[in-house]
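Each residue of the sequence shown is one higher than the one before, counting from -8 in this note's numbering.
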Amino acid sequence: MDQTIDHFGDDVHPELDRAVQDASEEAFQVLERLVRAASPVGAEQAALEVFAEAAERVGLPVRRLPFAGGPLADARAGVAPVLGAGQAGRYQVLATTPGEGPLHLLLNGHMDVVPAESPGLWTRPPFEPHRRGGRLYGRGAADMKCGFAAGLLALRALREVAPDLFARRRLGFLAVVEEECTGNGTLRSLVEDGVTAPEVVVLEPTDLGLLTGGVGVLWAEVTVTTAPGHAHSSGSRPNAVDLAMRLVEGLRRWAAGIAAAHPEPELPGLAQPYALNLGQIRAGDWISSSPATAVLGLRVGFPRAWTPEEAEDRLRRAVAGIAAADPDLLRPPTVTLTGLRARGHLVDAGSPLVRDLSAAHRDAHGQAPRLHMLASTTDARFYLDEGIPAVCFGPTGHDLHGIDESVELQSIVDAARTLARFLLMRFAGDGP
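Here's what the structure looks like:
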């Protein structure tokens, strides 16, 4: 941090902290507007406009990058379209500091959120943001609109304390779509729009730690079929749902075997790093009929050493093997990929990005951040695949993808203090 202090004076960090604190309420209000602008996959534009307006207020001109939700001819792409997300007129937003030339560093975040299942179980409607007990509640408040609030808050403080910070080097702040289902938003920004930088910070909610990697993730639909029938004879033979649930149990045993054979060294305390999640089931067309078809929506985790193609092949063979051993499964189930095809990833913990972001956090909070990996995936994988160091860092969220999702408001301020110091280091001195 010495070069930063030399450039701006010994009092720059207290001034920066004061500027962050003074602008925090404005950042919280931006987050409330982002949450209120419901942005499930395929309907992200209203929230993107909130971000664009907020970015322009802190001095970042914006560009709207057209986004096609259909198939993408890249081996890393997720299977698309999904969830009705193929409609025309979609776009992503790139905000940059003024000037010409390549970006020196990129902040990345996704604006899409998962659906708010069973809104009646929420304390308040999921897209009506509200504050309680030091938290802000609402779908997307944590995952991951709080990251936009933290990033914008850091930039707002830097504009006040160091207004010429970005005069020589350019910063980008990218808001993408489809992180939750395909990853094709970030991937398209790379391969079609050329949005890249030597380093990337993805502003996911990480509890103020550095999220360094994730496992592989595959989405698939498995369809089980059998003969239909009247309800009066349903006790004489298993229907498609019965058979599908047997298949799920077999696949869970298969997934447990993967964990035993391929332990993840970065997740030593987690018994099952490659979770098989039954996220959806569709079956039947009449209550008094025995269903002939059941469609399982599965999320399958797999080791970092596997490619998505290898994971797909192993899944297909597992389904076929389980079906062959079940005498009631007279027709082989079919496996269809849909959505994520994410390879596992891990950033070098000794990279300048991890080292210096950790130093900035230690300077702001008196202790180093926790470095950790999760049994999930993020868009950081695409940058790492390009040889670009990328790490996730952001506020503290609760109940992600769940009921009464929330973010700790103080953690937005804390994350902004770290980010502001890190950006000061990167853009003021002669380092990376």
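Cβ coordinates follow ideal geometry from the N, Cα and C atoms, glycine included. Here the structure is a predicted model, which means the values were calculated and not measured.
According to DSSP, residue i sits in a beta bridge with which residue or residues?
i    : result
G388 : V398
A86  : V53, F164
H336 : G205
N99  : L165, V193
V94  : Residue identity differs from the one stated: residue 94 is Leu in this sequence, not Val. Bridge partners of L94: R161.
V104 : P31
T327 : E212
A79  : In DSSP, A79 forms no bridge with anything.
A296 : None; A296 has no bridge partner.
A274 : A285
Look at the alpha carbon of residue i and the alpha carbon of residue j, and state the distance between them as a whole number of angstroms.
i     : j    : result
V310  : N230 : 18 Å
E151  : Y128 : 29 Å
G335  : E170 : 15 Å
L455  : P256 : For residue 455 there is no data in the structure shown, the boundaries of the chain being -8 and 423.
R147  : V49  : 5 Å
R160  : G248 : 49 Å
E16   : V404 : 10 Å
T(-5) : E195 : In this prediction, T(-5) has a pLDDT of 41, which is less than 50 and means its spatial position is unreliable; nothing more can be read from the coordinates.
A251  : Y265 : 10 Å
L39   : V382 : 23 Å
T87   : L51  : 5 Å
S397  : V182 : 34 Å
V104  : L165 : 16 Å
R332  : V73  : 13 Å
T203  : A340 : 7 Å
A153  : A419 : 9 Å
T214  : L306 : 13 Å
R361  : A283 : 50 Å
A79   : G176 : 14 Å
R228  : S349 : 60 Å
A371  : V192 : 8 Å
P62   : L85  : 22 Å
D65   : P254 : 29 Å
E23   : H121 : 8 Å
D(-3) : Y82  : Residue placement at D(-3) cannot be trusted, given a pLDDT of 44 that sits under 50; what the coordinates show is reported in the next sentence. Going by the C-alpha atoms only, they are around 42 Å apart.
List the endpoints of the continuous alpha helix (DSSP H) containing residue i.
i    : result
H4   : 3 to 13
T177 : 175 to 182
R67  : Premise fails: R67 is in no alpha helix (DSSP H) and is neither H nor E.
A309 : 299 to 315
Is DSSP giving residue i helix, strand or coil here?
i     : result
Y128  : strand
P31   : strand
M(-8) : With a pLDDT of only 38 at M(-8), under the threshold of 50, the placement of this residue in the model should not be trusted; the figure read from the coordinates follows. Reduced to three states, the DSSP call for M(-8) is coil.
I379  : coil
R123  : strand
L156  : coil
L144  : helix
D(-3) : Low local confidence applies: a pLDDT of 44 at D(-3) is under 50, so the model's placement there is unreliable, with the coordinate-based value given in what follows. Helix.
A211  : strand
R322  : coil
L269  : strand
G248  : helix
L415  : helix
L25   : helix
V404  : helix
What is the residue span of the beta strand (DSSP E) that residue i lies within?
i    : result
H363 : 362 to 365
G204 : 201 to 205
R346 : No beta strand (DSSP E) contains R346, which is instead part of the alpha helix (DSSP H) from 343 to 356.
A37  : Where A37 is concerned, there is no enclosing beta strand (DSSP E), although the alpha helix (DSSP H) it sits in stretches over 36 to 48.
G288 : 284 to 293
So with Cβ pairs under 8 Å, would you call residue i a contact of chain C?
i    : result
L331 : This model lacks chain C altogether, as it is built from one protein chain only.
At a cut of 8 Å, does the stretch 17 to 31 reach the stretch 108 to 121 through at least three beta carbon pairs? yes
Count the C-beta pairs between the stretch 388 to 398 and the stretch 130 to 142 that are closer than 8 Å, then say yes if the count reaches three, no if not. Contact between the stretch 388 to 398 and the stretch 130 to 142 is present: 3 or more CB-CB pairs across the two stretches fall below 8 Å.
Would you call the stretch 258 to 272 and the stretch 287 to 296 touching, i.e. three or more CB-CB distances under 8 Å? yes
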